[in-house]
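Taken in sequence, the protein lines are chains A and B.
For the first sequence, this note's numbering begins at 153 and goes up steadily by one.
For the second sequence, this note's numbering begins at 2 and goes up steadily by one.
Okay, structure first, notes after.
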Amino acid sequence: MTGLILKDFLILRKTLRSYLMILIVYAGIAFSGAWSADIVGVLMVVMVMMLPMNVFAYDKQCQWDTYGLALPVGRTKTVAARYLCVLLLCLFSVALTVITGIGLYAMGRLEEPAVFMVSCAVMGLVAVLMNAILLPFLYKFGPERARMMFFGIMGGIVLLAVLILGPLGGIDRLKALELELEEPTLAQLTIVPVIAGIAGLVLLALSFLLSRHFYGNQDV
Amino acid sequence: MTNCIEIKGLVKEYKTFTLGPVDLQVPGGTILGLIGENGAGKTTLIKSMLGITRPTAGAVTLLGTDPDHAKEDIGIVLDDCFFSEYLRIKDVETVLCRVFKTWDKGLYRDYLDKFGLSGTKNIKELSRGMRMKLSLAAALAHRPRLLLLDEATAGLDPVVREEILDEFLAFVSDEEHAILISSHITSDLEKVADYIAYLHQGKLLLCDEKDRLLESYGRLVCARAELEQVDRGYIVSTRKSQFSTEALIRHRGDFQRLYPRLTVEPVTLDELMVFIVKGEQA
Numbered sequence: 153m154t155g156l157i158l159k160d161f162l163i164l165r166k167t168l169r170s171y172l173m174i175l176i177v178y179a180g181i182a183f184s185g186a187w188s189a190d191i192v193g194v195l196m197v198v199m200v201m202m203l204p205m206n207v208f209a210y211d212k213q214c215q216w217d218t219y220g221l222a223l224p225v226g227r228t229k230t231v232a233a234r235y236l237c238v239l240l241l242c243l244f245s246v247a248l249t250v251i252t253g254i255g256l257y258a259m260g261r262l263e264e265p266a267v268f269m270v271s272c273a274v275m276g277l278v279a280v281l282m283n284a285i286l287l288p289f290l291y292k293f294g295p296e297r298a299r300m301m302f303f304g305i306m307g308g309i310v311l312l313a314v315l316i317l318g319p320l321g322g323i324d325r326l327k328a329l330e331l332e333l334e335e336p337t338l339a340q341l342t343i344v345p346v347i348a349g350i351a352g353l354v355l356l357a358l359s360f361l362l363s364r365h366f367y368g369n370q371d372v
Numbered sequence: 002m003t004n005c006i007e008i009k010g011l012v013k014e015y016k017t018f019t020l021g022p023v024d025l026q027v028p029g030g031t032i033l034g035l036i037g038e039n040g041a042g043k044t045t046l047i048k049s050m051l052g053i054t055r056p057t058a059g060a061v062t063l064l065g066t067d068p069d070h071a072k073e074d075i076g077i078v079l080d081d082c083f084f085s086e087y088l089r090i091k092d093v094e095t096v097l098c099r100v101f102k103t104w105d106k107g108l109y110r111d112y113l114d115k116f117g118l119s120g121t122k123n124i125k126e127l128s129r130g131m132r133m134k135l136s137l138a139a140a141l142a143h144r145p146r147l148l149l150l151d152e153a154t155a156g157l158d159p160v161v162r163e164e165i166l167d168e169f170l171a172f173v174s175d176e177e178h179a180i181l182i183s184s185h186i187t188s189d190l191e192k193v194a195d196y197i198a199y200l201h202q203g204k205l206l207l208c209d210e211k212d213r214l215l216e217s218y219g220r221l222v223c224a225r226a227e228l229e230q231v232d233r234g235y236i237v238s239t240r241k242s243q244f245s246t247e248a249l250i251r252h253r254g255d256f257q258r259l260y261p262r263l264t265v266e267p268v269t270l271d272e273l274m275v276f277i278v279k280g281e282q283a
């Protein structure tokens, strides 16, 4: 199974390098003060969402699916390897974002480090959630169709949010609500990453079961 | 001599195509050549044997056990390189040495040297021939006992093909090894195969020792009137044109003793396929 995880990382080597460069650029922009440091977290979510799509597309391009099933690994472990790879990518991205945050804080460009850490945890959870939704689609429909379906679903969610939030006063109303909230304590802030971590693992586990079901019954 | 491959009543049904039932045995120390036109079911058969596609019915035993347990000892080469272009040759080892318990790093490097492949090269930079050599090196480096090759020599120049065929012959010099190779290049199979299986529209039409097949069948070229005098039991199929009449004859030796004045030429695997598919069945 480690071989398969390594394979995914080796295939993504160049892409990861490019993403790292983009992250450095964004961190530089955050340092200049032009954008908030949270932009790094948002970028991380987008990157981690794109990477599994790329791996599936590369695998399909070279018929790895067929070859992979001829290896002494088994379908369950093949799916597990892909999920572990995604989990590692999410953890790696969160770690990079946290390191960026520490760097910005050390240079006096981050005013609320605790809030930034919570934002990192939430972004990490969002990245896991996106992949938990996306991966079963990729296993069921393949990279081309899954990509379109996923973006369709995401578009639908945004549309739904607009339709629901619109009559309530939109984003401005949410911002107003935020102002009414009390400042969270440090203990409350610390628990957010723990809850996000547990929730992420549960979501990924459920998604894994679904993907294993799809892949287990698939004729490649 | 034990069978490395045993297939009993294998059936794979699709909406528009059915493979089988296929019964097949490949003894150790031999090469079975699988021939058939495009879409005859060769790739489906190989995939079904390995459980890549799930057979509708039938049983497959590879190396005396079920396919899932035999995979550690099976090398596979498909008609194209299945390693991503984003990998380097040495990355293939990094991945596969963690997949196969029996991966032999020294042997892999020996094959790379033998095939003139440099580990630092990107797969993207390799020609088709080089990629096939890489696939073969990867298939052989974990010391398999069974090789399953799907059009592994397709698109290669004769020199590379010859090198690869030599590797196959060296591989089956061990009595516990066997190869199943599907190919459209029947001349390759005539060189190396011990057995020939002919799939046509999902059905196994012929499966026999290659030498026996080539000895027992023959091509009769004669006048239409002469063909009409021949015992129909000898004729498998005929091809008639404005200028000539040809027939595929079975039991060539007996036929020649019975009809010494008629000329029967040896038949090639290509001709055998064409007669069966295109000829008029007797």
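For each residue, glycine too, the CB sits at the ideal point set by N, CA and C.
Met50(B) sits close to Leu149(B), with the two beta carbons spaced by under 8 Å.
The Cβ atoms of Leu248(A) and Leu256(A) lie no closer than 8 Å to each other.
Going by beta carbons, Phe256(B) and Gly203(B) fall outside the 8 Å limit.
When the beta-carbon positions are compared, Ala140(B) and Asp80(B) stay at least 8 Å from each other. Taking 3 residues as the minimum length, the beta strand (DSSP E) runs contained wholly in the region 229-255 of chain B are 236-241, 246-250, in order along the chain.
Looking only at Val225(A), Gly226(A), Lys159(A), the smallest Cα-Cα distance to Asn206(A) is reached by Lys159(A). Residue burial annotation: Val354(A) is exposed, with fewer than 16 other C-beta atoms found within 10 angstroms of its C-beta.
Three or more Cβ pairs closer than 8 Å define a contact, and the region 354-366 of chain A meets that threshold against the region 231-244 of chain A.
Under the criterion of beta carbons closer than 8 Å, Ser245(A) and Val200(A) qualify as touching, at roughly 5 Å. Rounded to whole angstroms, Gln213(A) and Ile343(A) show a C-alpha spacing of 43 Å. Of Thr103(B), Thr95(B), Lys91(B), the smallest CA-CA separation from Leu113(B) is found for Lys91(B). Pro22(B) sits in a strand when the DSSP states are folded into three classes.
Within the same chain, Cβ atoms closer than 8 Å to the Cβ of Cys242(A) are found at Val200, Gly276, Ala279, Val280, Asn283, Gly352, the five residues on either side in sequence being excluded. Between Gly30(B) and Glu176(B), the C-beta gap is smaller than 8 Å, which places the two residues in contact.
Nearest C-alpha to Ile174(A) among Val192(A), Phe161(A), Ala222(A), Gly226(A): Val192(A).
Measuring C-alpha to C-alpha distances from Thr19(B) to each of Arg233(B), His201(B), Trp104(B), Glu210(B) identifies His201(B) as the nearest.
Cys237(A) has a beta carbon lying at 8 Å or more from every beta carbon in chain B. For Ala222(A), the nearest beta carbon of chain B is closer than 8 Å to its own beta carbon.
Rounded to the nearest whole angstrom, the C-alpha separation of Thr218(A) and Asp371(A) is 9 Å. Using a Cβ-Cβ distance cut-off of 8 Å, the region 67-85 of chain B and the region 128-144 of chain B are in contact, since at least three pairs of beta carbons, one from each stretch, lie closer than that value. Contact of Gln340(A) with chain B by beta-carbon distance below 8 Å is absent, the smallest such distance being about 43 Å. Between Ala138(B) and Phe172(B), the C-beta spacing is not below 8 Å. The beta-carbon separation of Leu33(B) and Tyr196(B), rounded to 4 Å, stays under the 8 Å limit for a contact. What Ser184(B) touches in chain A, judged by beta-carbon distance under 8 Å, is nothing: the nearest beta carbon there is about 18 Å away.
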